[in-house]
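**Student:** One structure coming up, written as structure tokens, with questions to follow.
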């Protein structure tokens, strides 16, 4: 019973305990807040990438694309685990606004709006056609015109403080010209002997706000068949650059990707003797994580660095607890001597101080976690208040493609952080208490007598 | 020797053989005990007297297994303490001996009753304590009543006088009904009237059969014991 009574009394009576509790609480608070915000930013960013491309992408890096995609699409759509599959034609071109004399290099995605919106969350990125994405390429001012959807940052727009873009009630009639170099299936210029390029006039129909900076700044979306003609991918054996696939609810990403890869390998093998079989060799099947690796990896690396930095913070916490418990136990050598003189074992003495340390860890991590959760719940309100009164905000929403400060608390992460804090407290207290428990009773008592 | 009941009577409860102990002080080594022999019979009241630095407290600590000799051995009821494993030593300190220190050495965070019951708590786990706590608390209260501390059960040590604290320490030492009570200068920190009070308590305990070994530097106090052993220069004179 003394193993509960003594630690409880030490915890409540010794003021230095409150320092130890405060140290643990502060560390837990910092880790909870920073990790939640960082994890939120990374999750949000990953989510945007996932929404943009779907679950699985069958694609080629080659600007020529690959043939026989319609056949493979049909095979995919027959699978139980595939909810939707949609082809995409990709390329690069120049975009000009007639009369301005300005050209910008753009990336072009040719999509089938209905299918692409089933395979990805493209519909949610639109403004004027959010509710009828099938008509994304039909400008409301004249649906017969060849419409295009552009990345939201390609049109000069003002933004409010929350980062929301201002839109007119109707899309402006903006005429644009897109120019591309069409390529043959062998990768040669399709119009080598003539005028080299394909140029088409297109009209602004809508903009797409994916939240991905590079995409929103340079992407132009066109109807799939329109893009195929621009790139020289149309004809008797049409080509596509990629097929975006969405799995059914509950289907495993890894299993789905592996299945599609097996299917593709079988498909490529079955077409090995076909005319454009060589184009099938450059096709890869990837999950959205691997497909967008180049965008996601830097953020994940920052997250790993932050975790490493906070591990160091954890080591510092252990050291602080060690120092505080060393001081506490130095003051308690008399008590340890008394306990040993009445026959209490070394192990039991260490248990007394570890129980004390566990109390410090639990109290500190409880306070830190509670304060962290409260702070996170109110973080955006606090930022609004600071901006209203002092003009200060964490980041300029008119510049960064980030909205509210992420504050979605992950309970598993919180449990790990608080458990780690308790373990840190135990680790910090273990050495001083084990060392003190090792001494002979007379040595412990004589120190205090002196 | 065989007693009237047919059971052998132990001639010696506690026996020290050739005890040597030294301490390192800086570069020098100071020999405190130099081959000392001692025996204590059941029911005896032994006073070990000597000048300051003569080694009497060191001897008491070795007899109570709070310290280890450099050479020699201590036997308790015929068993050598140096052969005891850690758990046996803990049980020896918990049940066989009760120690009373000059500076009381009570736990400040526990009240009087809890301090006295500490040896009983030490021998039980948490669940074991829940089963025997009522009996143990009654026994502790009984001891405190015998020592005139019935009104002080809920007080903390800092709220007691020196004499009261020493009586709490005696009650704690008696909690598990030890076979030997070891008292290290029990009146050393008290005024003469209070000290006499404590000595009367020890005499009464001894009259009831308690074996006591007491260390003192005061001859007048030592004379209250049955047997006085003088220590000088690390040896019995």
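Residue numbers (our numbering), protein chains in the order written: chain D, 1 to 450; chain W, 1001 to 1237. Glycine included, each C-beta is placed from N, C-alpha and C at the ideal position.
When the cut-off is 9 Å and only beta carbons count, does residue 367(D) lie next to chain W?
**Tutor:** Walking along the first chain from the start, residue 367(D) turns up at place 367. No, residue 367(D) does not count as interfacial toward chain W.
**Student:** Compute the Euclidean distance between the alpha carbons of residue 1157(W) and residue 1194(W), then round it to the nearest angstrom.
**Tutor:** Position 157 of the second chain, counted from the start, is the residue given in the question as residue 1157(W). Position 194 of the second chain, counted from the start, is the residue given in the question as residue 1194(W). Whole-angstrom Cα-Cα distance: 17 Å.
**Student:** Helix, strand or coil: how does DSSP classify residue 242(D) here?
**Tutor:** Reading the first chain from its first residue, position 242 is the one you call residue 242(D). Looking at residue 242(D) - three-state DSSP - the assignment turns out to be strand.
**Student:** Please check the pair residue 208(D) and residue 126(D), which I expect to be a contact at CB under 8 Å, by giving their CB distance rounded to whole angstroms.
**Tutor:** Numbered from its first residue, the first chain carries residue 208(D) at position 208. Numbered from its first residue, the first chain carries residue 126(D) at position 126. That pair is a contact at about 6 Å.
**Student:** In chain D, which residues lie with their C-beta within 7 Å of the C-beta of residue 1177(W)?
**Tutor:** Here residue 1177(W) is taken as the residue at index 177 of the second chain, counted from 1. Here the premise fails: no neighbours, minimum Cβ distance about 14 Å.
**Student:** Going by beta carbon distance, what residues of the same chain come within less than 7 Å of residue 6(D), once the five residues before and after it are set aside?
**Tutor:** As a first step, residue 6(D) is located in the first chain; it is residue number 6 there, counting from the start. 352.
**Student:** Which residues does DSSP list as the beta-bridge partners of residue 198(D)?
**Tutor:** The residue given as residue 198(D) occupies position 198 in the first chain. 180(D), per the DSSP bridge assignment.
**Student:** Got a sec: is the Cβ-Cβ distance from residue 1020(W) to anything in chain D below 9 Å?
**Tutor:** If you number the second chain from 1, residue 1020(W) lands on position 20. No, residue 1020(W) does not count as interfacial toward chain D.
**Student:** Taking C-beta to C-beta, are residue 40(D) and residue 298(D) nearer than 9 Å?
**Tutor:** To locate residue 40(D), count along the first chain from 1; it is residue 40. To locate residue 298(D), count along the first chain from 1; it is residue 298. Cβ atoms of residue 40(D) and residue 298(D): not closer than 9 Å.
**Student:** Starting from residue 262(D), follow the alpha helix (DSSP H) in both directions and report where the run begins and ends.
**Tutor:** The count along the first chain starts at 1 and reaches residue 262(D) at position 262. Note, residue 262(D): alpha helix (DSSP H), 253-270.
**Student:** Residue 1103(W) by DSSP, collapsed to three states: which one?
**Tutor:** Position 103 of the second chain holds residue 1103(W). In this structure, residue 1103(W) counts as coil in the three-state DSSP scheme.
**Student:** Could you have a look at residue 223(D) and say whether DSSP puts it in helix, strand or coil?
**Tutor:** Position 223 of the first chain holds residue 223(D). Reduced to three states, the DSSP call for residue 223(D) is strand.
**Student:** Name the chain D residues whose beta carbon is nearer than 9 Å to that of residue 1085(W)?
**Tutor:** The residue labelled residue 1085(W) in the question sits at position 85 within the second chain. Going along chain D, no residue has its Cβ under 9 Å from residue 1085(W), so there is no contact; the nearest lies around 11 Å.
**Student:** Report the neighbours of residue 1126(W) on chain D: residues whose CB is nearer than 8 Å to its CB, in chain order.
**Tutor:** As a position in the second chain, residue 1126(W) is number 126, starting the count at 1. Under the 8 Å cutoff, chain D gives 1, 3 and 4.
**Student:** Please list the partners that residue 326(D) has in chain W, where partner means a Cβ-to-Cβ separation under 8 Å.
**Tutor:** Start at 1 with the first residue of the first chain, and residue 326(D) comes out as number 326. Simply none; closest approach about 19 Å.
**Student:** Could you tell me whether any Cβ in chain D is nearer than 9 Å to the Cβ of residue 1042(W)?
**Tutor:** Along the second chain, one-based indexing puts residue 1042(W) at 42. Not one chain D Cβ lies under 9 Å of residue 1042(W).
**Student:** Would residue 92(D) be called buried (16 or more neighbouring beta carbons within 10 Å of its own) or exposed?
**Tutor:** On the first chain, position 92 is the one that residue 92(D) refers to. Classification of residue 92(D): exposed, given that the 10 Å Cβ count is below 16.
**Student:** Helix, strand or coil for residue 1(D)? Go by DSSP, reduced to three states.
**Tutor:** Taking the first residue of the first chain as position 1, residue 1(D) is located at position 1. In the structure shown, residue 1(D) sits in coil (DSSP, three-state: anything other than H, G, I, E or B).
**Student:** Can you give me the Cβ contacts of residue 206(D) inside the same chain, cut-off strictly under 7 Å, excluding the 5 residues immediately before and after it?
**Tutor:** Residue numbering aside, residue 206(D) sits at position 206 when the first chain is read from its first letter. The answer, listed in chain order, is 126, 127, 128, 129, 136, 149 and 171.
**Student:** How long is the line joining the alpha carbons of residue 449(D) and residue 1103(W), rounded to whole angstroms?
**Tutor:** Counting from one through the first chain, the residue named residue 449(D) turns up at place 449. Counting from one through the second chain, the residue named residue 1103(W) turns up at place 103. Because residue 449(D) sits at a pLDDT of 46, beneath the cut-off of 50, its placement in the model cannot be relied upon, and the point is left open.
**Student:** Buried or exposed: which applies to residue 389(D), given that a residue is buried once 16 or more other Cβ atoms fall within 10 Å of its Cβ?
**Tutor:** Sequence index remark: in the first chain, residue 389(D) carries index 389 (1-based). Per the 10 Å Cβ criterion, exposed.
**Student:** Buried or exposed: where does residue 245(D) fall if 16 or more other Cβ atoms within 10 Å of its Cβ makes it buried?
**Tutor:** Reading the first chain from its first residue, position 245 is the one you call residue 245(D). The residue is buried, with at least 16 neighbouring Cβ atoms inside 10 Å.
**Student:** Can you tell me where the beta strand (DSSP E) with residue 77(D) in it begins and where it stops?
**Tutor:** One-based indexing of the first chain puts residue 77(D) at position 77. Careful: residue 77(D) lies outside any beta strand (DSSP E), inside the alpha helix (DSSP H) at 69-77.
**Student:** Is residue 1122(W) close to chain D, meaning its C-beta is less than 9 Å from at least one C-beta of that chain?
**Tutor:** For the purposes of this step, residue 1122(W) is taken as the residue at position 122 of the second chain. Taking Cβ atoms only, chain D reaches closer than 9 Å to residue 1122(W), which makes this a yes.
**Student:** Per the DSSP calculation, residue 1023(W) is bridged to which residue(s)?
**Tutor:** Position 23 of the second chain, counted from the start, is the residue given in the question as residue 1023(W). Partner(s): 1030(W).
**Student:** Our contact map puts residue 1160(W) next to residue 1168(W) with C-beta atoms below 8 Å; I'd like the distance itself, whole angstroms only.
**Tutor:** In the second chain, the residue the question calls residue 1160(W) occupies position 160. In the second chain, the residue the question calls residue 1168(W) occupies position 168. About 7 Å separates the two Cβ atoms, so the contact holds.
**Student:** State buried or exposed for residue 308(D), treating a residue as buried only when at least 16 other CB atoms are found within 10 Å of its CB.
**Tutor:** Taking the first residue of the first chain as position 1, residue 308(D) is located at position 308. Its Cβ having fewer than 16 others within 10 Å, residue 308(D) is exposed.
**Student:** Residues of chain A with a CB under 8 Å from the CB of residue 1155(W): which are they?
**Tutor:** No chain A is present in this structure, whose protein chains are D and W.
**Student:** Rounded to the nearest angstrom, how far is the Cβ of residue 1022(W) from that of residue 1082(W), given a contact under 8 Å?
**Tutor:** What you label residue 1022(W) is simply residue 22 of the second chain in a count that begins at 1. What you label residue 1082(W) is simply residue 82 of the second chain in a count that begins at 1. Going by Cβ atoms, the distance from residue 1022(W) to residue 1082(W) rounds to 17 Å, so no, they are not a contact pair.
**Student:** Looking only at its chain, what residues have a beta carbon closer than 6 Å to the beta carbon of residue 1060(W), apart from the 5 residues adjacent to it on each side?
**Tutor:** Within the second chain, numbered from 1, the residue matching residue 1060(W) stands at position 60. 1182, 1184 and 1215.
**Student:** Smallest Cα separation from residue 1190(W): which of 1125(W), 1162(W) and 1204(W)?
**Tutor:** As a position in the second chain, residue 1190(W) is number 190, starting the count at 1. When only C-alpha atoms are compared, the closest one is 1162(W).
**Student:** Pick out whichever of 1107(W), 1078(W) and 1020(W) has its Cα sitting closest to the Cα of residue 1042(W).
**Tutor:** Numbered from its first residue, the second chain carries residue 1042(W) at position 42. It is 1078(W) whose Cα lies nearest to the Cα of residue 1042(W).
**Student:** Please return the same chain residues whose Cβ sits closer than 6 Å to the Cβ of residue 1101(W), not counting the five positions on each side in sequence.
**Tutor:** By one-based count along the second chain, residue 1101(W) stands at place 101. Only 1184 meet the Cβ criterion.
**Student:** Among residues of its own chain, excluding the 5 on either side of residue 101(D), which ones have a beta-carbon nearer than 7 Å to its beta-carbon?
**Tutor:** Taking the first residue of the first chain as position 1, residue 101(D) is located at position 101. Excluding sequence neighbours, residue 101(D) sits near nothing in its chain.
**Student:** What residues of chain D sit near residue 1093(W), judged by a beta carbon separation below 9 Å?
**Tutor:** For this step, residue 1093(W) is matched to residue 93 along the second chain. Per Cβ cutoff of 9 Å: 340, 341, 342, 343, 344 and 441.
**Student:** At a CB-CB cut-off below 8 Å, which residues of chain W make contact with residue 9(D)?
**Tutor:** In the first chain, counting from the first residue as 1, residue 9(D) sits at position 9. Under the 8 Å cutoff, chain W gives 1109 and 1110.
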